[in-house]
Each structure stands twice: as structure tokens, then as C-alpha cells.
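Here's the structure we're looking at; comments come further down.
Quick look at the structure:
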């Protein structure tokens, strides 16, 4: 039995108002009732690290509180909003390592968003485990179904709880003032006191705010004057937008052309909170703000976030989301190898993952970064994870890029694992059984895993039953010359790894199913010296670019340079956050996050000549002007934990594209206001190749003595931008959302004459 006496030291929670508490329907749920009471479970970090922790769901249905019996009053919390998924059973390496000790029905794993590590838990009974598994999943679903207004209320309440140290549900003005500083607000104290007094008027003493009054106080404090200006410009009476007013706004500002009346009515029905206004086919300011804060008011075109591209083109006509050394969670020298790297990459829509295979103990191939101190995992475990997770985020094909250093004997074991574990998912022969004349499409290959590696002879030979000498197969730059097993060779169909000689040689001798790998430096050299030839090469066959071996810290190169030349498989270290992964996430945020983005027509057509270094020479050259007025920011996160520190935000807009398009401009910085800074600064750019351009919005905390601190960012393809008044919902360094942090901008795109 576990000792539960220490749980009595947990502070009791007061009854909370409806704003802070769960809805009555959720509170009545048996699983959540059990979570409210609390449970003692084992937190597992390794086979030898297994510690008791008491876990309890707080009344806000958002926070999970836990503590150890040995650390006095110290405790930790995490938000349900940070949990991406719950895995049942032995679904992590840590829980697999103790599978002989605890049955799977008592084990589960909480997977967090971004790059945060998993939390592996073992309950005392299968019933308790199920209560937490089902309960957390219900809370995640509830959170995902929240509207913008509910999410904002929840965010405000989370701050209130954080500042309510004695947990009595009340705050005086000094506490509220301190809380505002925690929330990045530095404002006129007299104004804040006046609003505080007005809001507290319903209380007998007028000296404290409860949680619901604090929400009201906060909303009065954050009145959106910037949005109100736009609303009143189009409102005939300053109180509402009639249907005609709204249509005028949609046509003149948002540049909607077709079906404007139907669209306006849809917006009123969807976002207007007042039934009376709905009845009059009108929109109040609240409805207008809700529309502008929604996905339809976002800078990203919702129709292009969904799958919208032609998926029936040959595989080489797409950019493919690709990972380098996928097994590594850290650096390239001493980093931890884990199947979690594959799970994370695949769930982010990655469609090309890599394994470095070496001879392992007892005849079992292992995966690690050879000749280094990185830890090792079994190849069969990687294949199992690939089979389980390959098609959760996208149904389109996954390429398994094998860097093969194994003996013939262990290559046979690799082929056996691939065939037995993946079954029909592994593509082992051309789709129609005939000798193909070109690469199939992502649509043709849905649900299939393709092996990229060395192959004995050509695809034609293997289909005709001709077996070449295993010593004759060409190899890529990353691999050693050695013997190749026929069993593993037979698993390679459309992605045969070959050494690259020259573009002229490739044009004459290369087959469509051959793929060459380039280090970043070699790829850059080819782009500089023969950019147009590289683009043509990539219109015919696949290319893969990978980071330099000198990047031992798992840093990344700029993928945009490689996409400019049409390289499809641009492999990045997914474990390393930064501008390079922001660009990757931005490019693949479109087309249903499926991991495939169709290249522009001029990069697919072998009759056209496109040189990324001289884009103005191409047919159909039509440069565009991009104007961005950065109007305001909302609830920007703190970056400095120092008490009383408030950010001085500035916004930088970056254009990433062909060299002629590379540009960046900044707004001025605003002193001490991360809460509701206002700029109205205009930034202008010329875009020469809009089809390849990405636009990155970055918020930084200005520092005159040292490097600015990163606050948030959002990156999207230029072609996915919606014009007009738009909100940009910011992401953290890890690429996860940080609601309700946003920017408000006005965007115009015009043709240059």
C-alpha cells in the first residue's frame, strides 16, 4: 500500500465562481470526480527512478497539481492545455523498460506539446488509470471546443489563480496592481484605480474583486480602441454594423468579391452574441471583435490551411517535410537517442525520417549517430513506431531514409523487420506491377512507406529478374562502400540512393527513381554555380539536403535556400527550435499539414528555365508589393521572470525567399507595454517570386545593451496571406500557440506596374 498521509498537507480550495470552475456537465462526470479527489501514482523516469506523487485536478478543470511526500509544502503544476495526447499502456521507452514490473492497464503517458519531455505514470489500479486517461482526454476535448471568448476568460482566470496566494478568491487593489505587472501591464495607476472602484461597486466594502469581477475589470482595461476605430468607420450609428455596413467592410477592407451577402450573414450567425442583433441581421462591436479574433479574421487563409492542392503530380514535384537524424532528441555527440523523436516528427506532419543503422548485440541492428557517444535504440523499435504513427497526422507516403552501416547478416534482419512489422504498408514493388516510366504521386502512394537506400542494379533489372553483383551498387555521400544484402535491396523501389556526379551526367544517365543526397555546403555551391540546372534536375528526380557534420549542436541551416532550387527533401534537426524550424513549420502549415506542398509551375516544367539568383528573367515574372501596417499587440508574454519587469516590444517583419526577396523591417519599440502596445507603423516590401516567399512576423523585447529577447512569432507562405484587417496569433519558440497573444495588422498586396 502507498502512504497517503502526506496528501493532507495540500491546501484546501475555496468554492469558485462559474467563470473559474468547470461546467456543471463536466463536473458531474465520474472520471473527473475521481481526479478532483486525487490519486497517488508512481512517476517513472527510468527503470531505477520510480517515485510516489499525489496528483489532483484543480477546480478550474485546467490545472493538475502534484507533490512529493518528501519535499514539504513544495508542489508542481501543469496545465491540461499543455498536454497534446494521452497514451495508454507501455507506449513509451520508459514504461516499456518496466513492463515486467507493472501491467499495461495501470500505465499511461502524458505527451506534452512542443519539445517538453513526457510524463510516465503508473496508477495503483487499472480503474484509477482509466479514470485519469479518460478524464484528461475529456478535458482536452473540452478545451479544443472552447470559443475565443471562453479561452480568453480561462486565460484571465489562470492569472487570477496564480496571484491569489491565500486562495480566498478575493483581491484588493494592491494585489490587482501586482497581478497586472505579472501580466505585462504597466499602466496609469489612477485609471486602473477608477476602473477597479467601478468594478468593485457591487461589493459592500468596494475594496476587493472576486474572480468574476476581475474578468470584468480586465475586459474594461483591455477595451480594443484600435478595433473600435475600424468598427466606427463603417458603422452608420456607431453602435452596430448593418448588413450593408458589414458588406461594405468586407468588400473594401477584406477584399471579398464573390458571395459577399451570404458570407456577411454567415459571420453574423457565427460570431454575433446578441440574438436581437442577429434578428436584425446586424453585428455589434462584440461580434465584430469575435470575427476578427477568429480563424476567419486570421492572416492565414482558412481555405489554404485545409488540403487544397493537386496531389496527383509525381513525387518530385512536391516539397516534402523532412527530418535529419530523427532519433536524436538533443545534440549530435552525446545526445539521447529515442523513438520519441520519430513520434514527435511524424505527429508534426514530417514525411521523411532518417535512421543510421549499425550492427548491434545478439544480431539485432541498432540506431545511433555512429562513432559518437549518443545512446542507442533498436532498429526494430523504430520500425514498430513507424508502423504505429506514420499515418496519424497525414495519409500521404512516408520515406524512411536509411544510412546503412550494417553487415550483410544484420541487413537481412533489417529487411525481415521491415517486411514483418510494416506488412502491406511497406512498398516493395511498383504500384501497377509494370516497369514504371515516372515517379508515382502522393495520392497514388497514400498509406505507403517507401525505403530510401542503396539498391542492387536498377528497378528495371529487378522487375526482369536480373540480379546484379551486390558490390556494384552506387552509394550516397553519407554511406560507406560495402556489400549489400539482396533482401534489403529489394525493399527499395522508387528511392534508390546514388552518388551525384554532375547535372550533365544526371540529365543523360540518371533514372527518375534515383535520389542523391547533398550536404548543405555542396547544395549551396551548386545553387551558386548552376542554380537553373539544379531546378531542372529537381523537376525530374528527388534530391535530399542534410546539415553539415560540423553542426554537432544540432543547429540547422536555412532551408529556404534549398527550396529556392526545388530541392524536395530538405532535412532539418526537428529537435532544435529557431528560425529555420519556424520556416519549415510555416511552409508546411498549408495544405492540411499533410507534409507535401506542390512546387510552383515554373519549378515543375522542364521546358521552363528558372534561376533563383535571377528570378526576373523567367517567363510570367510579376512582382508584387506587400504593405503591412502593424497596428497593435495584445497580451504579449513576459520573457524576463524578474519581478516588475515589463517588455519593450517591437515587431519585425521578415521576407524569406529568393535572394532578391530577402528583407526585414522593424517597427519602433514601445516602452513598458506588453499588454496592449500600439504602433500604427507601416512596413513595405517588394516580392519578386511570391510563390516561394515566406513571411515571418517576430515580436522581440528591445534591449539597448544586449541582444533582444524573443517574445513570439508566426510564419506563413506569402500566397496564404489574407488581405485587410487581420489578427496574427503568435507562437512560442517551440512552435506551440500562446493564447491570447496576438498582433493586429492591416495588409495590402498590389501589383507593381
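Numbering (full-length UniProt numbering), first residue to last: 1 to 753. By construction, the Cβ of each residue, glycine as well, lies at the ideal position given by its N, Cα and C atoms.
With a threshold of 8 Å on Cβ separation, who are the neighbours of residue 97 within its own chain once the five nearest residues in sequence on each side are excluded? Translated into the one-based positions of the chain shown, residue 97 becomes position 97. Around residue 97: 46, 47.
Specify, as a first and last residue, the run of the beta strand (DSSP E) that residue 681 falls within. By 1-based counting over the chain shown, the position of residue 681 is 681. That run of the beta strand (DSSP E) goes 678-687.
Reference residue 712; option with closest CA among 686, 396, 740, 156: Counting from one through the chain shown, the residue named residue 712 turns up at place 712. Of 686, 396, 740, 156, the residue nearest in Cα terms is 740.
Suppose contacts are defined by Cβ-Cβ distances below 8 Å. Is residue 313 in contact with residue 502 by that definition? Position 313 of the chain shown, counted from the start, is the residue given in the question as residue 313. Position 502 of the chain shown, counted from the start, is the residue given in the question as residue 502. No, the Cβ-Cβ distance between residue 313 and residue 502 is not below 8 Å.
By alpha-carbon positions, which one of 455, 666, 319 ends up nearest to residue 561? For the purposes of this step, residue 561 is taken as the residue at position 561 of the chain shown. Comparing Cα-Cα distances from residue 561 to each of 455, 666, 319, the minimum goes to 319.
Mind checking whether residue 540 and residue 316 have CB atoms under 8 Å apart? Mapped onto the chain shown, residue 540 falls at position 540. Mapped onto the chain shown, residue 316 falls at position 316. Cβ distance < 8 Å, so residue 540 and residue 316 count as in contact.
Would you say the stretch 300-308 touches the stretch 584-599, given that touching needs at least three Cβ pairs under 8 Å? yes
Where do the ends of the beta strand (DSSP E) carrying residue 666 lie? Looking up residue 666 in the chain shown gives position 666. For residue 666, the uninterrupted beta strand (DSSP E) segment begins and ends at 663-666.
Cβ shell of residue 417 (< 6 Å), same chain only, five flanking positions each side left out: In the chain shown, counting from the first residue as 1, residue 417 sits at position 417. These residues qualify, in order along the chain: 380, 383.
For residue 691, which of helix, strand or coil comes out of DSSP? Locating residue 691 in the chain shown gives position 691, counting from the first residue. In this structure, residue 691 counts as coil in the three-state DSSP scheme.
State the start and end residues of the unbroken beta strand (DSSP E) segment that holds residue 99. Translated into positions along the chain shown, residue 99 becomes position 99. Here residue 99 belongs to no beta strand (DSSP E), and DSSP marks it neither H nor E.
Taking DSSP as the reference, what is the three-state secondary structure of residue 720? Within the chain shown, residue 720 is the residue found at index 720, counting from 1. Of the three classes helix, strand and coil, the one that applies to residue 720 here is helix, per DSSP.
For residue 172, three-class secondary structure by DSSP: Translated into positions along the chain shown, residue 172 becomes position 172. Residue state, collapsed to three classes: strand.
Use the C-beta contact count for residue 24: other C-beta atoms within 10 angstroms, 16 or more gives buried, fewer gives exposed. Locating residue 24 in the chain shown gives position 24, counting from the first residue. Residue confidence for residue 24 is low, a pLDDT of 49 falling below 50, so the modelled location carries little weight; the figure read from the coordinates is stated next. Exposed, because fewer than 16 other Cβ atoms sit within 10 Å of the Cβ of residue 24.
Could you give the residue range of the alpha helix (DSSP H) that holds residue 142? For the purposes of this step, residue 142 is taken as residue 142 along the chain shown, with counting starting at 1. 126-144 is the span of the alpha helix (DSSP H), which, as asked, contains residue 142.
Considering Cα atoms alone, identify which of 50, 732, 733, 718 is closest to residue 299. Numbered from its first residue, the chain shown carries residue 299 at position 299. Ranking the options by Cα distance to residue 299, first place goes to 718.
Among 68, 64, 60, the one whose alpha carbon lies nearest that of residue 52: By one-based count along the chain shown, residue 52 stands at place 52. Among 68, 64, 60, the Cα nearest to that of residue 52 is on 68.
With a CB to CB cut of under 8 Å and the five nearest residues on each side skipped, what residues in its chain are close to residue 112? Start at 1 with the first residue of the chain shown, and residue 112 comes out as number 112. So the list reads 78, 82, 83, 84, 118, 119, once near-sequence residues are dropped.
Please give me, in chain order, every unbroken run of the alpha helix (DSSP H) with length at least 4 that falls completely inside the stretch 385-432. 408-422
On a Cα-Cα basis, can you pick out the residue from 516, 600, 268, 257 that is closest to residue 724? Along the chain shown, one-based indexing puts residue 724 at 724. Nearest of 516, 600, 268, 257 to residue 724, Cα basis: 257.
Buried/exposed call for residue 31, threshold 16 Cβ in 10 Å: As a first step, residue 31 must be located in the chain shown, where it is residue number 31. With 16 or more other Cβ atoms within 10 Å, it is buried.
According to DSSP, which residues form a beta bridge with residue 322? As a first step, residue 322 is located in the chain shown; it is residue number 322 there, counting from the start. 352, 571, per the DSSP bridge assignment.
Might you give, ordered along the chain, the residues of its own chain that have their beta carbon closer than 6 Å to the beta carbon of residue 426, omitting 5 neighbours on each side? Taking the first residue of the chain shown as 1, we reach residue 426 at position 426. So the list reads 418, 449, once near-sequence residues are dropped.
Per DSSP, the bridge partner or partners of residue 562: In the chain shown, the residue the question calls residue 562 occupies position 562. Partner(s): none; residue 562 has no beta bridge.
Residue closest to residue 494, alpha-carbon to alpha-carbon, out of 678, 508, 505, 512: Within the chain shown, numbered from 1, the residue matching residue 494 stands at position 494. From the listed residues 678, 508, 505, 512, the smallest Cα separation to residue 494 is found for 512.
For residue 402 and residue 428, the rounded distance between their alpha carbons: Within the chain shown, residue 428 is the residue found at index 428, counting from 1. Within the chain shown, residue 402 is the residue found at index 402, counting from 1. Going from the Cα of residue 428 to the Cα of residue 402 covers about 15 Å.
Let me confirm a value: residue 601 is counted as buried when at least 16 other C-beta atoms fall within 10 Å, else exposed. Which label applies? Looking up residue 601 in the chain shown gives position 601. Looking at its Cβ environment, which holds fewer than 16 other Cβ atoms inside 10 Å, residue 601 is exposed.
With residue 245 as the anchor, note down where its beta strand (DSSP E) starts and where it stops. Start at 1 with the first residue of the chain shown, and residue 245 comes out as number 245. Careful: residue 245 lies outside any beta strand (DSSP E), inside the alpha helix (DSSP H) at 243-252.
Are at least three pairs of beta-carbons, each pair with one atom in the stretch 260-272 and one in the stretch 720-734, less than 8 Å apart? no
What does the alpha-carbon distance come out to for the pair residue 155 and residue 214? On the chain shown, position 155 is the one that residue 155 refers to. On the chain shown, position 214 is the one that residue 214 refers to. Rounded to the nearest angstrom, the two C-alpha atoms are 12 Å apart.
Sub-8 Å separation of residue 408 and residue 387 beta-carbons: Taking the chain shown and counting its residues from 1, the one referred to as residue 408 is at position 408. Taking the chain shown and counting its residues from 1, the one referred to as residue 387 is at position 387. Not in contact: residue 408 and residue 387 (Cβ atoms no closer than 8 Å).
Please report the Cβ distance between residue 456 and residue 412, rounded to the nearest whole angstrom; I am assuming they are in contact, meaning their Cβ atoms lie under 8 Å. Walking along the chain shown from the start, residue 456 turns up at place 456. Walking along the chain shown from the start, residue 412 turns up at place 412. Going by Cβ atoms, the distance from residue 456 to residue 412 rounds to 14 Å, so no, they are not a contact pair.
Is residue 224 a contact residue of the ligand SAM, with contact defined as CB to any heavy atom under 7 Å? This structure lacks the ligand SAM, and indeed carries no ligand of any kind.
Taking residue 35 as the reference, which of 123, 90, 282 has the closest Cα? For this step, residue 35 is matched to residue 35 along the chain shown. Ranking 123, 90, 282 by Cα distance to residue 35 puts 123 first.
DSSP has residue 514 in a bridge; who is on the other side? Translated into the one-based positions of the chain shown, residue 514 becomes position 514. Answer is 496, bridged to residue 514.
With a 10 Å radius around its C-beta and 16 neighbouring C-beta atoms as the bar for buried, classify residue 293 as buried or exposed. One-based indexing of the chain shown puts residue 293 at position 293. It is buried - the Cβ of residue 293 has at least 16 other Cβ atoms within 10 Å.
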